[in-house]
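Inspection log for the structure reproduced underneath, given as structure tokens.
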Amino acid sequence: MKTLLRIDASIRKAHSYSRELADYFQNQWQIRYPDSQIIYRDLAAEPVPHLNQQLTEAFFMNPAPPDVLALSDTLLNELQAADALLISSPLYNLSLPSTLKSYIDHIVRIHKTFTYAEGGAFRGLLNGKEAFIIHAKGGLYRSLQLEQLDFQEGYLRTILNFIGIEKVTVFPLEGTRNEAYAIKAMEEIRHAIMACFQTNL
1 MKTLLRIDAS IRKAHSYSRE LADYFQNQWQ IRYPDSQIIY RDLAAEPVPH LNQQLTEAFF
61 MNPAPPDVLA LSDTLLNELQ AADALLISSP LYNLSLPSTL KSYIDHIVRI HKTFTYAEGG
121 AFRGLLNGKE AFIIHAKGGL YRSLQLEQLD FQEGYLRTIL NFIGIEKVTV FPLEGTRNEA
181 YAIKAMEEIR HAIMACFQTN L
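Anchor point for the sequence shown: position 149 equals 149 in UniProt numbering, and the numbering is continuous, going up by one each time.
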């Protein structure tokens, strides 16, 4: 049985382009895998707290206090159980929402999702999984050659590769400040998602 871990990061519960496309992706996933399991994390409804000293120190303890690591372990178990990861997120101030960064800080853990390799290099441990990123942006970064101002997409690709998830597909939705443009772009992303299921999944 396939398992999809879906993470929504938009602070908008309604009228969210990224959430709407994530709904479409999930629907296509469930059509393709009708017996699959969906694990859902809404980072706006249930924000993951930022790291603190106690939690960070517990990451390196053996054994670690289970009560301190309870949430982090739960998030980690969900990710490890998933065959695929779906992240839907808007671009906020050229970067990712702080709640998504907090989530990532809880699951990037030594000897859990990455370890040290020979020569001091790092090696990801979540091999064999794939990730899909639905990335909504108000501006036209690609068409105006402003990709260097988008610090979210590159970071997410890098951190996912770092923990061993090397197969990453990005569905970038641009121009959401213009409703007419956004509606057309949404349809193009839907076609891209459907094509992905027809060819890759």
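Ideal placement from N, C-alpha and C gives every residue a C-beta, glycine not left out.
Quick caveat: nothing in here was measured; it's all calculated off a predicted structure.
In the structure shown, LEU79 adopts helical secondary structure according to DSSP, grouped into three states. Collapsing the DSSP output to three states places SER89 in a strand. TYR33 carries a coil assignment under DSSP once its states are collapsed to helix, strand and coil. Rounded to whole angstroms, the gap between the alpha carbons of PRO66 and PRO49 is 17 Å. If you draw a straight line from the Cα of ALA70 to the Cα of LYS13, it is about 27 Å long. Of the residues assessed, GLN152 falls on the buried side of the cut-off, its CB having 16 or more other CB atoms within 10 angstroms.
ALA82 is positioned such that its CB atom lies closer than 9 Å to that of THR3. Assignment of HIS135 by DSSP, reduced to helix, strand and coil, places it in the strand class.
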